[in-house]
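**Student:**
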Amino acid sequence: MSVLSKSSLTLVTLGLCTETYLVPVQKNCKQCPACGMAIERSEGCNKMTCTSCGVFFCYRCNQQIDGYKHYWNGNCILFDLSEIERWEAEVGQQMM
Ligand SMILES: [Zn+2]
Ligand SMILES: [Zn+2]
36 MSVLSKSSLT LVTLGLCTET YLVPVQKNCK QCPACGMAIE RSEGCNKMTC TSCGVFFCYR
96 CNQQIDGYKH YWNGNCILFD LSEIERWEAE VGQQMM
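Residue numbering for the sequence shown follows our numbering, starting at 36 and increasing by one per position.
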């Protein structure tokens, strides 16, 4: 069901998709594909929930999604590698 071409999928998988590819509204913000509301990404994962209409969408490809299934199918990764590293650093600090 993905509208991503194979080449852009490869870019996403490699973590090479940049701002020129994603065209963010502003930093850490995405527009809801259903209602156009700008949603700020508060959590580290790429699964976004629209606070306006409640749909799930993907931070990476900006498509409306069913939920985590989108990531199980290998369409996108749920966490960016940089986010995982940041999380691990934060969790490590909390545990000390
Ligand atoms: Zn919405
Ligand atoms: Zn996606």
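Glycine included, each C-beta is placed from N, C-alpha and C at the ideal position.
May I ask you to report which of helix, strand or coil DSSP gives glutamine 139?
**Tutor:** With the chain covering 36 to 131 only, the question about residue 139 has no answer from this structure.
**Student:** What did DSSP end up calling isoleucine 112 once you bin it into helix, strand or coil?
**Tutor:** Isoleucine 112: coil per DSSP, three-state reduction.
**Student:** Classify asparagine 63 as buried or exposed, calling it buried when 16 or more other Cβ atoms lie within 10 Å of its own Cβ.
**Tutor:** Label assigned to asparagine 63: exposed.
**Student:** Quick check on this structure: which residue in Phe114, Asn108, Tyr106, Ala69 has the alpha carbon closest to the alpha carbon of serine 87?
**Tutor:** Residue Ala69 is the option with its Cα nearest to serine 87.
**Student:** Which residue or residues does DSSP assign as beta-bridge partners of methionine 83?
**Tutor:** Looking at the DSSP assignment, methionine 83 forms a beta bridge with Phe92.
**Student:** Which residues end up in the neighbourhood of ligand 1 when you take C-beta atoms closer than 6 Å to any of its heavy atoms?
**Tutor:** Cβ atoms closer than 6 Å to ligand 1 belong to Cys67, Ala69, Cys70, Met72, Cys85, Ser87, Cys88, Val90.
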